[in-house]
Amino acid sequence: MVRPILAQCAGRNRVVLPEVSVTRRALLAGSAATAATLSVPALANPIERFPIWPGSPPGGEGLSVRDEVVKRSPNGPADDIAWPHVATPMLNVVPAPVPNGGAILYIPGGGYARVAVGREGSSIARAFAARGYTVFELLYRLPRDGWAAGPDVPLQDAQRAMRLIRAGAAKWRIDPARVAAMGFSAGGHLTARLASRSTLKTYEPVDAADAQPARPAVVGLFFPVITMTDPVAHAHSKRELLGGNATSDRIARFSAENGLPADMPPTLVAHAADDPVVSPANSLTMFAALQAARIPSELHIFEKGGHGLPLREAGKDHPWPGLFERFARNHGL
Numbered sequence: 015m016v017r018p019i020l021a022q023c024a025g026r027n028r029v030v031l032p033e034v035s036v037t038r039r040a041l042l043a044g045s046a047a048t049a050a051t052l053s054v055p056a057l058a059n060p061i062e063r064f065p066i067w068p069g070s071p072p073g074g075e076g077l078s079v080r081d082e083v084v085k086r087s088p089n090g091p092a093d094d095i096a097w098p099h100v101a102t103p104m105l106n107v108v109p110a111p112v113p114n115g116g117a118i119l120y121i122p123g124g125g126y127a128r129v130a131v132g133r134e135g136s137s138i139a140r141a142f143a144a145r146g147y148t149v150f151e152l153l154y155r156l157p158r159d160g161w162a163a164g165p166d167v168p169l170q171d172a173q174r175a176m177r178l179i180r181a182g183a184a185k186w187r188i189d190p191a192r193v194a195a196m197g198f199s200a201g202g203h204l205t206a207r208l209a210s211r212s213t214l215k216t217y218e219p220v221d222a223a224d225a226q227p228a229r230p231a232v233v234g235l236f237f238p239v240i241t242m243t244d245p246v247a248h249a250h251s252k253r254e255l256l257g258g259n260a261t262s263d264r265i266a267r268f269s270a271e272n273g274l275p276a277d278m279p280p281t282l283v284a285h286a287a288d289d290p291v292v293s294p295a296n297s298l299t300m301f302a303a304l305q306a307a308r309i310p311s312e313l314h315i316f317e318k319g320g321h322g323l324p325l326r327e328a329g330k331d332h333p334w335p336g337l338f339e340r341f342a343r344n345h346g347l
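Under the numbering used here, the first residue of the sequence shown is numbered 15, with each subsequent residue one higher.
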């Protein structure tokens, strides 16, 4: 049976971290559920972890949000965790043993109710690092915590992350023109919005890094939440993002298939036909919009996989990482 790489956090064991200590500690992404079938390459170098905003993130005046950690499985590995509240958005750098100059911003999911991200470097991030890419895993803030930007607060963090990656290109030995983004589940929705709203001004510049472009060079959307329109919308993500009484205008604005710009990055979309959580109609909707906008795009619907595509299946490498790498290389990554 294929186990999902991303899943809703089910654990109830909670650890609330003090705000001061968290801002100085590393929080590392790792949204993959552990499974015996997954091959996780060892890291050649230590992982770097840092907050993406100098001081407090924008729009938090008057809030008392604290970073909170939840175990996704009571008996699971220590790093199988998620964050139902995020006060300190972070980037976690998973280095490539032999860098090829390309980089990937990795955006995990969690239904906008939490961010499914650990501290050890996810299996997906390690797999792409082994292919030569420096991977940056994003721990982003959630609309539920009352930030001033509301449903745009995750986009603030995604835009800032892309700009920081490019600003630090020399340090990390990457080409700033070769930075892709890949998103999973609700993280796919955020990635799609990052790609199509990269020029939307969601915050005031805070330093020189914000002069960098936020547009990814190439995008991968995997079992993504896309539309906010019923009946295809993922109800949980829609409720967490927009609340229970969203207007039709608001629904249209936050449906990622709408308003694709002419310079939308080349985009690969992948989903499993048997996904019981997020309907594959989301991926079909996105691909149709990409095609209508004449954006270079590719769609893969796998017969099986559930809500998550494994790195390995039946003792063999699953094709999706290679398909994305081929697509990305064909478009300059």
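Every residue, glycine too, gets a C-beta built ideally from N, C-alpha and C.
All figures in this text were calculated on a predicted structure; none of them were measured in a lab.
- Relative to ASN106, the option among ASP159, GLN173, ARG174 and PHE64 whose CA is nearest is PHE64.
- Between the C-alpha atoms of PRO88 and TYR120 there is a straight-line separation of about 26 Å.
- DSSP, reduced to helix, strand and coil, places MET278 outside both helices and strands of the structure shown, so it counts as coil.
- In this chain, THR148 is not harboured by any alpha helix (DSSP H); it is covered by the beta strand (DSSP E) spanning 148–153.
- Distance from the CA atom of LEU169 to the CA atom of TYR217, rounded to whole angstroms, is 10 Å.
- Excluding sequence positions up to five before and after VAL100, its CB lies within less than 7 Å of the CB of ASP81, VAL129, LEU153, TYR154, ARG155 and LEU156, all in the same chain and listed in chain order.
- Membership of SER311 in the beta strand (DSSP E) is indicated by the continuous run 311–316.
- Inclusion of PRO238 and GLY273 in the CB contact set at 8 Å is not warranted, their separation being larger than that value.
- For VAL84, the enclosing beta strand (DSSP E) stretches over residues 82–85.
- GLU62 sits in a strand when the DSSP states are folded into three classes.
- When the Cα atoms are used, LEU235 and ARG229 turn out to be separated by approximately 15 Å.
- Put simply, of ALA342, PHE301 and ALA286 the residue whose alpha carbon is nearest the alpha carbon of GLY320 is ALA286.
- Here GLY125 is not near ASP94, since their CB atoms are 8 Å or more apart.
- Its chain contains VAL239 and VAL292 as the residues whose beta carbon lies nearer than 6 Å to that of HIS248, once the 5 sequence neighbours on both sides are disregarded; these appear in chain order.
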